[in-house]
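A.B. asks: Residue numbers (my numbering), protein chains in the order written: chain A, 1125 to 1386; chain B, 158 to 429.
Yeah, the Cβ is synthetic: ideal placement off N, Cα and C, and Gly gets one too.
It should be emphasised that the depicted structure is a prediction, and the values quoted were computed from it without experimental measurement.
(1) I'd like to confirm the pairing. Which residues does DSSP put opposite residue 169/B in its beta bridges?
(2) Please give the ranges of any alpha helix (DSSP H) in the segment 1279-1353 of chain A, keeping only runs that are unbroken, at least 4 residues long and fully inside the region.
(3) Just checking: is the beta-carbon of residue 333/B within a distance shorter than 8 Å of some beta-carbon in chain A?
(4) To the nearest angstrom, how far is the alpha carbon of residue 1291/A from that of residue 336/B?
(5) Quick one: does residue 465/B have its CB under 8 Å from some CB of chain A?
(6) Residues of chain B with CB closer than 7 Å to the CB of residue 1213/A, please, in chain order.
(7) Between residue 1331/A and residue 1210/A, which are expected to be in contact by the criterion C-beta below 8 Å, what is the C-beta distance as a whole number of angstroms?
(8) Could you check the C-alpha separation between residue 1400/A and residue 1225/A for me, to the nearest Å?
(9) Ends of the alpha helix (DSSP H) at residue 1182/A?
(10) Going along chain C in order, which residues have a C-beta closer than 9 Å to the C-beta of residue 1147/A?
(11) Of all the options 169/B, 385/B, 202/B, which has the alpha carbon lying nearest to the alpha carbon of residue 243/B?
(12) Give every residue of the same chain whose Cβ lies closer than 8 Å to the Cβ of residue 350/B, excluding the five residues on either side of it in the sequence, and list them in chain order.
(13) Run down chain B in chain order and give the residues with a C-beta less than 8 Å from the C-beta of residue 1227/A.
(14) Rounded to whole angstroms, what's the CA-CA distance from residue 1384/A to residue 1310/A? Just pull it up for me.
(15) Mind pulling the chain B residues with CB within less than 9 Å of residue 1389/A?
(16) Quick check: is the beta carbon of residue 352/B nearer than 8 Å to any beta carbon in chain A?
(17) Which residues, in order along the segment 354-372 of chain B, keep a beta-carbon less than 9 Å from a beta-carbon of chain A?
(18) Considering only the beta carbon of each residue, do residue 1350/A and residue 1337/A sit closer than 8 Å?
(19) Which term fits residue 1220/A, buried or exposed, when burial requires 16 or more other beta carbons within 10 angstroms of its beta carbon?
(20) Can you pull the chain A residues whose beta carbon is under 7 Å from the beta carbon of residue 346/B, in chain order?
(21) Which class does residue 354/B belong to by DSSP, given the choice of helix, strand or coil?
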């Protein structure tokens, strides 16, 4: 479904953020991308929807190669890739509903979006999604009135209303408390399963990643160091990804402290 | 190096080294000398007789100017209305022109940093650097005296001011919100309407009210050169030494400025 071929990004400063990364994500697979700060996790997912222009290499989304597309064709393909951000990246001064509907911008014309005259089917879908994440009564609130967890739910709705085939998720829980982090991760993974979406989730919290995903990619200095099941993340593997440290406290049996809050 | 070691081996810290202290002392000496010399020059060029005379003259004018000639008010309603219109229409015109200039001047929205941005910056600098009275003089020569010349003069004078503040606001927006909107597949116009405009709207409203407030003051004097408004009456009254009328006009201007100040404070408070 998504295939990266020798994806390389060299910044103008000479920093090589990605070194010929090859990766294939089948339909419906949720994978976590772990690695130290500066390993190129954010760059990788931004190179997929070309918020950052890759230096070389190819990105295939289905049968479409993304790196060679012109501006209009790229916008059309971006509709198939929903993105969720660390700091939520909601438009703070717009309402929750406007933020969710902004996920449809790629489908409606300028004047319709400017006048907020979205098709009724989009509005219906927005209400359905807000109901799904439990925020339907917040639809008229301004985004900056919401708490962190609520904002991230709105961000998820905005990504899903695009009707994407792939979710690009950049540190969804880094600004959230541990309980909300789990709820958000669970929500993302449930929604992916419901809709058969593939997702790439950048995440710092290794234990949280192990809890929810089926596949983990470890990135170090812009290259893939590990690709496998979460159970295969041994202290040795974590040492190759992050460097020397005592990993026993990080890799824990997560079942014993889960669902305390549910 | 403010840190030194005394012979006994103790570490001594001073704010400045000896050389630095000497340089500062010399700089103060030179500065004081220049000040005294300038004082002497100005003093020599002043006709002190007129200065000693000033309190008496001022008292005389004040005596003649009071009480204000209240009956003159009936001739001031129309000019003060003109003045308000010049300020308001001029501000609207300026904002209309300033928005595109600001988007062309802001580093993150300009289509070309090398060609278009310098032009936008030139527009900002050139309109800002010329006083509205001078713009009015020029425009009266071009389009004739009257309110219209005043409106245009205020508009041109304000473009640079509004565009400068607005482009600074555009440059300070949160980029991730823009990124998020582009990631949905939105067109550049949609990115502007959803990602940028909501973020700069408070700044825009603040700038508009602030400039309107300034323009009320500026438009009161435009009449001095014939560009309409209450300044016309002021000049006519000054020319015939009708001091009671002058004092009334000054009171009216003061009142208008206080009102505009009050309105803009209220509006700004409501936005923020």
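C.D. replies: Based on what the coordinates show:
(1) 161/B
(2) 1302-1319, 1330-1336
(3) yes
(4) 15 Å
(5) This structure cannot speak to residue 465/B, because chain B is shown only from 158 to 429.
(6) 333, 334, 336, 337
(7) The pair is not a contact, with the Cβ atoms about 18 Å apart (cut-off 8 Å).
(8) No information on residue 1400/A is available, as it lies outside the stretch 1125 to 1386 that chain A covers here.
(9) Taken as a continuous stretch (DSSP letters only), residue 1182/A belongs to no alpha helix (DSSP H), being part of the beta strand (DSSP E) at 1180-1185.
(10) The structure shown has no chain C; the protein chains it does contain are A and B.
(11) 385/B
(12) none
(13) 341
(14) In this prediction, residue 1384/A has a pLDDT of 43, which is less than 50 and means its spatial position is unreliable; what the coordinates show is noted afterwards. For residue 1384/A and residue 1310/A, the distance between alpha carbons rounds to 14 Å.
(15) The question about residue 1389/A has no answer, for chain A in this structure spans 1125 to 1386.
(16) yes
(17) 355, 356, 358, 359
(18) no
(19) buried
(20) 1234
(21) helix
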